[in-house]
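S.K.: To start, I am sharing the structure in question, which I have written as structure tokens.
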Amino acid sequence: MDHLTPPAPAWQMKVFPLFSLLGWVLILSSFLIGLIGLAPTAASYWGGNAKAVRDAAEAGSALLGQLQVLSVIPRWLEPLAFLGVAAFMTGIALEFSTIPAVLKNRGQVMSACFPLIVKLGGK
Amino acid sequence: MQAMIGKMARMYPVLIAMGFMIVVIALFVGYANAQTAADYFAHSKELRETTLMVQRASFEGVGLWLPYFKFLGLGLILGGIVMALRVIIDNLKAAGNEVLSKLPSEKRPRSPASPWFGPVMPMVMMAGELTFVVALIVSLGLARTAAQVFAHPVPEIDAAGAGTPLLAQVQAIVTSSAWLVPFKFLGVATEFLAIAMGLATIIFILGAQTELLETGIRIARGEQASARHPEAPTHGPAA
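So the sequences go chain by chain: D and F. Under the numbering used here, the first sequence has 47 at position 47, and the numbering climbs by one with no breaks. If you count the second sequence from 1, you need to add 1000 to reach the numbering used here.
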């Protein structure tokens, strides 16, 4: 083996940072929605009203709007965070998928090495 | 600092075992909590809401901190994986340096510098662990508040008006839970980021070492050629 051809740059190594970034953005977004959106709404809904007032809220009232927000957003917020986790895991899987090609190339280089080692060792 | 982290990283099985134990303990606590809830809901609504406050306070409180305890366990396992990656990185570097040391010093190629994210990886992992610990501490505080709230009969809690301490406590529990649930995923994201950094470092080192081996082959071939033809240059391109 006279010529060693290095492996082509793996596309996965270019794509995995995008998945990591996507995961980070999705999870950070879900945290910020919880912190900036849900928490103040919950504070306002639960802090200023007794149960009787909350139960008596009419359709279209601000109080019922807050209850709607508190009931609706958590139903998609957690799946969004899980999507972020999935994006991270996909990125990690892509990184793993590049390792076989790297090891294959390493094997080729080693197989080129050994005849030289044998020749040099014979001197 | 990096040497100390390298030594600590070798204890990664302890981290993984601790994480697994925490998750197993969480299962038993969850099962015991379920029995408390089963006992509570076996009674009539009137009895539940006016008399069985201790049971209610118990399972509501445990329900608040247990998810964060489980995530701390998962975080420790992920941290163990990060540390295992660090051990692989250290071993790869040590093996590479040992191989390079066999070459004559004047012909020894320079080891490539580690990518910037390699040394940062353990710090990112620790930041993730800190997130889980903070989430658990906050949730324990919320569980304590919940125990105080549910020590009151449910009609009393329902009657609590604006400005009462009881409603303020309910407000604290619901408000904190709103951001605490996604906060724990921030810890998971940080751990995954550390794992991605570790893997990228390993792939970089494997690639760089293969390139160094190729350089070594070129040097060796050059030596063979110069031994046959002493006038030929020592550093020739690959044949």
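Each residue gets a CB set at the ideal place from its N, CA and C atoms; glycine is no exception. Just so you know, these numbers come straight off a predicted model, no measurement behind them.
Closer than 9 Å, Cβ to any Cβ of chain D: which residues of the stretch 1135 to 1163 of chain F, in chain order?
M.R.: Hits within the stretch, in order: Ile1157, Asp1158, Ala1159, Ala1160, Gly1161, Ala1162, Gly1163.
S.K.: Check distances from the C-beta atoms of the stretch 1199 to 1210 of chain F to those of chain D and list, in chain order, the residues that come in under 7 Å.
M.R.: Going along the stretch 1199 to 1210 of chain F in chain order, one finds Leu1199, Ala1200, Ile1203, Leu1206, Gly1207, Thr1210 with a Cβ nearer than 7 Å to chain D.
S.K.: Quick check for students: name the residue ranges of the alpha helix (DSSP H) that lie wholly in the stretch 1060 to 1148 of chain F, counting only runs of 4 or more.
M.R.: Counting whole runs of 4 or more residues, the stretch 1060 to 1148 of chain F contains no alpha helix (DSSP H) stretch at all.
S.K.: What is the residue span of the alpha helix (DSSP H) that F/Ile1016 lies within?
M.R.: In the second sequence, the residue the question calls residue 1016 of chain F occupies position 16. Element bounds for F/Ile1016: 1012 to 1040.
S.K.: Out of F/Gln1035, F/Gly1075, F/Arg1221, point me to the one whose CA is closest to F/Ala1194's CA.
M.R.: Reading the second sequence from its first residue, position 194 is the one you call residue 1194 of chain F. Per the Cα distances, F/Gly1075.
S.K.: Return yes when the Cβ of D/Ala39 is within less than 9 Å of the Cβ of F/Ala1178, no when it is not.
M.R.: Start at 1 with the first residue of the second sequence, and residue 1178 of chain F comes out as number 178. Start at 1 with the first residue of the first sequence, and residue 39 of chain D comes out as number 39. It is a contact, given that the beta carbons lie within the stated cut-off.
S.K.: Examine chain F for any beta-carbon lying closer than 9 Å to the beta-carbon of D/Leu70, and answer yes or no.
M.R.: As a first step, residue 70 of chain D must be located in the first sequence, where it is residue number 70. Judged by the 9 Å Cβ criterion, D/Leu70 is in contact with chain F.
S.K.: How would you call F/Trp1116, buried or exposed, if buried means at least 16 neighbouring beta carbons within 10 angstroms?
M.R.: Indexing the second sequence from 1 puts residue 1116 of chain F at position 116. When all chains shown are included, F/Trp1116 counts as exposed.
S.K.: Between the beta-carbon of D/Leu144 and the beta-carbon of D/Tyr45, is there less than 9 Å?
M.R.: One cannot answer for residue 144 of chain D here, as it falls past the ends of chain D, which runs 1 to 123.
S.K.: Report the three-state DSSP secondary structure of F/Phe1183 (helix, strand or coil).
M.R.: Mapped onto the second sequence, residue 1183 of chain F falls at position 183. If DSSP states are grouped into helix, strand and coil, F/Phe1183 belongs with the helices.
S.K.: Given a cut-off of 9 Å, decide if D/Ile73 and D/Gly37 are closer than it, judged by their beta-carbon atoms.
M.R.: Looking up residue 37 of chain D in the first sequence gives position 37. Looking up residue 73 of chain D in the first sequence gives position 73. Taking 9 Å as the Cβ cut-off, D/Gly37 and D/Ile73 qualify as a contacting pair.
S.K.: For the pair the stretch 1149 to 1163 of chain F and the stretch 1043 to 1057 of chain F, tell me if three or more CB-CB distances fall below 8 Å.
M.R.: Yes, they touch.
S.K.: What is the rounded straight-line gap between the Cα of F/Ala1084 and the Cα of D/Ala59?
M.R.: Reading the second sequence from its first residue, position 84 is the one you call residue 1084 of chain F. Reading the first sequence from its first residue, position 59 is the one you call residue 59 of chain D. The alpha-carbon atoms of F/Ala1084 and D/Ala59 are separated by roughly 56 Å.
S.K.: Using 10 angstroms around the beta-carbon of D/Leu18, count the other beta-carbons present and answer buried if the total reaches 16, otherwise exposed.
M.R.: By 1-based counting over the first sequence, the position of residue 18 of chain D is 18. Label assigned to D/Leu18: exposed.
S.K.: Kindly list, in the order they appear in chain D, the residues whose Cβ is closer than 7 Å to that of F/Ala1220.
M.R.: For the purposes of this step, residue 1220 of chain F is identified with residue 220 of the second sequence, where counting begins at 1. Here the neighbours are Leu116, Leu120.
S.K.: Output yes if chain F places a C-beta closer than 9 Å to the C-beta of D/Pro40; else output no.
M.R.: By 1-based counting over the first sequence, the position of residue 40 of chain D is 40. Yes, its Cβ sits closer than 9 Å to a Cβ of chain F.
S.K.: Excluding the 5 residues flanking F/Pro1112 on each side, which residues of the same chain have their C-beta closer than 6 Å to its C-beta?
M.R.: Within the second sequence, numbered from 1, the residue matching residue 1112 of chain F stands at position 112. Closer than 6 Å at the Cβ level, and outside the excluded window around F/Pro1112, lie Ala1208.
S.K.: Give the straight-line distance between the Cα atoms of F/Gly1080 and F/Leu1130, rounded to the nearest whole angstrom.
M.R.: Residue mapping note: residue 1080 of chain F aligns to position 80 of the second sequence, counting from 1. Residue mapping note: residue 1130 of chain F aligns to position 130 of the second sequence, counting from 1. Their backbone Cα atoms lie some 14 Å apart in a straight line.
S.K.: Any Cβ of chain D within less than 9 Å of the Cβ of F/Pro1182?
M.R.: Walking along the second sequence from the start, residue 1182 of chain F turns up at place 182. So, interface residue.
S.K.: With burial defined as no fewer than 16 other Cβ atoms inside 10 Å of the residue's Cβ, what is the status of D/Pro115: buried or exposed?
M.R.: Stepping through the first sequence from its first residue, residue 115 of chain D is reached at position 115. Exposed.
S.K.: With three or more C-beta pairs closer than 8 Å as the rule, is the stretch 1057 to 1064 of chain F touching the stretch 1035 to 1048 of chain F?
M.R.: As far as the Cβ criterion goes, the stretch 1035 to 1048 of chain F touches the stretch 1057 to 1064 of chain F, which means the pair count is three or higher.
S.K.: Please return the same chain residues whose Cβ sits closer than 8 Å to the Cβ of F/Leu1142, not counting the five positions on each side in sequence.
M.R.: Taking the second sequence and counting its residues from 1, one reaches residue 1142 of chain F at position 142. If we look at F/Leu1142 and ignore the five residues flanking it on each side, its Cβ neighbours are Leu1064, Trp1065, Ala1172, Ile1173, Ser1176, Ser1177, Leu1180.
S.K.: Chain F partners of D/Arg106, CB-CB under 7 Å?
M.R.: Here residue 106 of chain D corresponds to residue number 106 of the first sequence, with the count starting at 1. By Cβ distance, chain F contributes Leu1206, Thr1210.
S.K.: List the endpoints of the continuous alpha helix (DSSP H) containing F/Thr1050.
M.R.: Working through the second sequence from its first residue, we reach residue 1050 of chain F at position 50. That run of the alpha helix (DSSP H) goes 1045 to 1050.
S.K.: Does the CB of D/Trp46 have a neighbour CB from chain F at under 9 Å?
M.R.: Residue numbering aside, residue 46 of chain D sits at position 46 when the first sequence is read from its first letter. Chain F contact via Cβ: present.
S.K.: For D/Lys119, count the other beta carbons within 10 Å of its own beta carbon; 16 or more makes it buried, fewer makes it exposed. Which is it?
M.R.: As a first step, residue 119 of chain D must be located in the first sequence, where it is residue number 119. By the 10 Å Cβ count, D/Lys119 comes out exposed.
S.K.: Helix, strand or coil for F/Phe1192, going by three-state DSSP, please let me know.
M.R.: As a first step, residue 1192 of chain F is located in the second sequence; it is residue number 192 there, counting from the start. Helix, per DSSP.
S.K.: Please list, in chain order, the chain D residues whose beta carbon lies closer than 8 Å to that of F/Ile1217.
M.R.: One-based indexing of the second sequence puts residue 1217 of chain F at position 217. The answer, in chain order, is Leu4, Val109, Ala112, Cys113, Leu116.
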